[in-house]
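For the sequence shown, the numbering used here assigns the number 6 to the initial residue and increments by one for each residue that follows. Where a beta carbon is used, it is the ideal one built from N, C-alpha and C, also for glycine. In this text, all values refer to a predicted model and were calculated from it rather than measured experimentally. Beneath this line is the structure, given in structure tokens, with notes to follow.
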Amino acid sequence: NETYLSLAHKAMVFLQRGQLQTGGWYYGRLRRQRWIDSFHTSYNVCALLDYQRITGDPAFEEAMLRGHRYYQTSFFTGEGAPKYFHNRTFPVDIHACSQAILHFIAFSSIDPSALARASKTFHWTMRNMAAPDGSFYYQRHRLWTNRAPYMRWGQAWMLRALAKLLLSSASPHAAVITPIWHSGENGSG
Numbered sequence: 006n007e008t009y010l011s012l013a014h015k016a017m018v019f020l021q022r023g024q025l026q027t028g029g030w031y032y033g034r035l036r037r038q039r040w041i042d043s044f045h046t047s048y049n050v051c052a053l054l055d056y057q058r059i060t061g062d063p064a065f066e067e068a069m070l071r072g073h074r075y076y077q078t079s080f081f082t083g084e085g086a087p088k089y090f091h092n093r094t095f096p097v098d099i100h101a102c103s104q105a106i107l108h109f110i111a112f113s114s115i116d117p118s119a120l121a122r123a124s125k126t127f128h129w130t131m132r133n134m135a136a137p138d139g140s141f142y143y144q145r146h147r148l149w150t151n152r153a154p155y156m157r158w159g160q161a162w163m164l165r166a167l168a169k170l171l172l173s174s175a176s177p178h179a180a181v182i183t184p185i186w187h188s189g190e191n192g193s194g
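In structure tokens form, the structure reads like this:
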């Protein structure tokens with residue numbers, strides 16, 4: 006559908022124009038929205054990747070790759086914890102964890118290190134964000150953890166990430182993921 010392709014192209018032009026030199030994006034265009042967070046950055050990068058895959062148009066590849074590099078270098082601790090913001094570790098948010106897994110699975114066809122990164126984030130998340138009942142905590146702060154199992158924000162996105170991970174070529178995780186769904190264990194042994 007040429008109308009949809011044209012609209013998609015315009016959206017990608019908008020994304021490219023809003024990209025910072027570093028490779029990231031501000032959350033919004035207003036002055037009070039000038040923060041950079043991991044999952045919105047990833048949404049933009051994944052949108053550029055999806056556009057290229059669907060249309061075959063490589064016009065935004067440089068912006069996509071710059072954004073992907075920025076995402077991997079700015080939003081993770083050495084242990085694999087996904088940071089909410091580019092410039093500080095806490096809070097670690099379950100949505101950032103799930104989007105990180107989804108991001109790296111999406112990039113696995115063009116980035117040889119992506120599945121290993123998805124795996125590292127998955128294992129960190131299971132050790133640090135999974136509750137004994139199989140749900141996931143909302144946020145981990147430096148000195149305390151918000152254990153609320155928000156359905157849309159955390160549980161649904163983690164279920165999506167775990168399903169994608171299970172279906173990806175990173176299937177060795179099936180041995181860890183499957184017991185979580187069947188027995189309610191958090192798999193962090």
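Closest by C-alpha distance to residue i, when choosing among the options
i, options, result
"L128", "G85, L12 and S173", "According to the sequence provided, residue 128 is His. The question's Leu does not apply to it. For H128, the nearest C-alpha among the options comes from G85."
"L148", "A111, F141, T94 and I106", "T94"
"D98", "A153, R58 and Q57", "A153"
"G83", "K125, A135 and R22", "K125"
"L20", "Y56, A119, Y142 and T130", "Y56"
"N49", "V18, G139 and T78", "V18"
"N6", "D138, I59, S113 and H146", "I59"
Residue i Cβ short of 7 angstroms to the ligand HEM heavy atom set
i, result
"F81", "Looking at this structure, you won't find the ligand HEM or any other ligand, since it has none at all."
For residue i, the three-state DSSP class (helix, strand or coil)
i, result
"N151", "strand"
"R37", "helix"
"F141", "strand"
"D55", "helix"
"S193", "Low confidence applies here, because S193 scores a pLDDT of 44, under 50, leaving its location unreliable; read the following figure in that light. In the structure shown, S193 sits in coil (DSSP, three-state: anything other than H, G, I, E or B)."
"D42", "strand"
Limits of the alpha helix (DSSP H) - the one that residue i falls within
i, result
"G72", "E66 to S79"
"W129", "A119 to N133"
"A101", "I99 to A111"
"R165", "A161 to L172"
"Y32", "Unbroken run through Y32: none, as it is neither H nor E."
"G85", "From DSSP, G85 is part of no alpha helix (DSSP H); its letter is neither H nor E."
"R22", "E7 to G23"
Inter-residue CB distance, residue i and residue j (contact presumed, cutoff 8 angstroms)
i, j, result
"F90", "I41", "7 angstroms"
"A166", "I106", "4 angstroms"
"S43", "K88", "6 angstroms"
"Y32", "Q24", "With 8 angstroms as the limit, Y32 and Q24 do not qualify as a contact, their Cβ atoms being about 13 angstroms apart."
**Request:** Pair every Cβ in the region 62-77 with every Cβ in the region 21-41, then say whether three or more of these pairs are closer than 8 angstroms.
**Result:** yes
**Prompt:** Three or more beta-carbon pairs under 8 angstroms between the region 9-19 and the region 48-64, yes or no?
**Reply:** yes
**Prompt:** Taking contact to mean at least 3 C-beta pairs separated by less than 8 angstroms, is the region 101-114 in contact with the region 148-163?
**Reply:** yes
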